[in-house]
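Remarks on the structure that follows.
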Amino acid sequence: MSPDSAFRQLMHRLRRGDQDAAQVVFERYVNRLHGMARRKLHGPVRAKVDPEDVAQSVFKSFFRRQKGGFFQIGSDEDLWALLACITARKCGRLNRFFRKHKRNVGRELTQQLASADSAAVWEVQGEDPTPAEVAQVADLVQSLLASFELPVHRQIIQLRLQGFTQGEIADEVGRAEVTVQLVLRSVRQRLERWMEPELLPT
Numbered sequence: 141m142s143p144d145s146a147f148r149q150l151m152h153r154l155r156r157g158d159q160d161a162a163q164v165v166f167e168r169y170v171n172r173l174h175g176m177a178r179r180k181l182h183g184p185v186r187a188k189v190d191p192e193d194v195a196q197s198v199f200k201s202f203f204r205r206q207k208g209g210f211f212q213i214g215s216d217e218d219l220w221a222l223l224a225c226i227t228a229r230k231c232g233r234l235n236r237f238f239r240k241h242k243r244n245v246g247r248e249l250t251q252q253l254a255s256a257d258s259a260a261v262w263e264v265q266g267e268d269p270t271p272a273e274v275a276q277v278a279d280l281v282q283s284l285l286a287s288f289e290l291p292v293h294r295q296i297i298q299l300r301l302q303g304f305t306q307g308e309i310a311d312e313v314g315r316a317e318v319t320v321q322l323v324l325r326s327v328r329q330r331l332e333r334w335m336e337p338e339l340l341p342t
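In my numbering, the protein residues as written are 141 to 342.
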């Protein structure tokens, strides 16, 4: 079988969702993508995001779209160019994200806490969260929890972020529902104050 025929067969297998074909592509390009991500990510971003996570995200995006017939790829060179392009875009997005202020993350967390049917804080609406988004939200959650001295108050916050209702939280922690409401109100007030650039914890 010629190299071109073998490549076309590999792409065809990917469109069928063949995991062995995905493993072949992964092993062929993972080291190059990892190295590229390391070079493209700015120094401070690499402290938050592992280049390996970027490479994993690139493969996830590629395999999903290839299975849907989104790409028409004719050669190994074309495939590498495509993967490199996806990697560069993801790294650029991560670099831009960390240049923005944390106030957007705080606003997202405030909305999660205020929602009656709050989902887990990591379940960002829309596209899958990037590693940077997960890391930044996690940092803010830790700062928030650390700002409450009583363990029961921290437990209330954690349960709320996991999607429990106020009534369920009250039963779980053995407190009146009004106590839960007061704690969550205090959380929202702190987050709203932290929306100010000079007050948001780092």
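Heads up, the beta-carbon is just placed ideally off N, CA and C, and yes, glycines get one too. These figures come from a predicted structure and were not determined experimentally.
Excluding the 5 residues flanking residue i on each side, which residues of the same chain have their C-beta closer than 7 angstroms to its C-beta?
{"i": "H182", "result": "N235"}
{"i": "A177", "result": "P191, V194, A195, T227, C231"}
{"i": "E267", "result": "Note that E267 scores 47 on pLDDT, short of 50, meaning its location in the model is unreliable and no value can be drawn from it."}
{"i": "Q198", "result": "According to the sequence as given, residue 198 is Val; it is not Gln. Answer for V198: L173, L223, I226, T227, K230, listed in chain order."}
{"i": "Y169", "result": "W220, L223"}
{"i": "F211", "result": "R205, L222"}
{"i": "V164", "result": "L150"}
{"i": "G157", "result": "K207"}
{"i": "Q265", "result": "Per-residue confidence for Q265 stands at a pLDDT of 37, beneath the threshold of 50, marking its modelled position as unreliable; the derived number appears in the next sentence. Closer than 7 angstroms at the Cβ level, and outside the excluded window around Q265, lies no residue."}
{"i": "A316", "result": "A310"}
{"i": "I213", "result": "M151, L219, L222"}
Reducing DSSP to helix, strand and coil, say where residue i ends up.
{"i": "H182", "result": "coil"}
{"i": "A316", "result": "coil"}
{"i": "V327", "result": "helix"}
{"i": "F288", "result": "coil"}
{"i": "F304", "result": "coil"}
Looking only at its own chain, which residues have a Cβ that is under 6 angstroms from the Cβ of residue i, when we skip the five neighbours before and after it?
{"i": "H293", "result": "V323"}
{"i": "S326", "result": "none"}
{"i": "P184", "result": "none"}
Residue i lies in the alpha helix (DSSP H); which residues open and close that run?
{"i": "F147", "result": "143-155"}
Among the residues of its own chain, which have a CB less than 8 angstroms from the CB of residue i, if the five just before and after it don't count?
{"i": "A256", "result": "The predicted model places A256 with a pLDDT of 45, which falls under 50 and marks its position as unreliable; any figure quoted below should be read in that light. Correct list, in chain order: T305."}
{"i": "R153", "result": "D160, A161"}
{"i": "L285", "result": "R294, I297, Q298"}
{"i": "V313", "result": "V292, Q295, I296, L299, V320"}
{"i": "L339", "result": "Since pLDDT at L339 reaches only 38, below the 50 mark, its modelled position is unreliable, and the value read off the structure follows with that caveat. Cβ neighbours of L339 beyond the five flanking positions: R333."}
{"i": "R330", "result": "L284, S287"}
{"i": "R186", "result": "R178"}
{"i": "S215", "result": "D144, F147"}
{"i": "E308", "result": "L299"}
Self-check item: 4 or more residues per run - each alpha helix (DSSP H) lying fully within the region 157-234
Solution: 159-180, 183-186, 191-207
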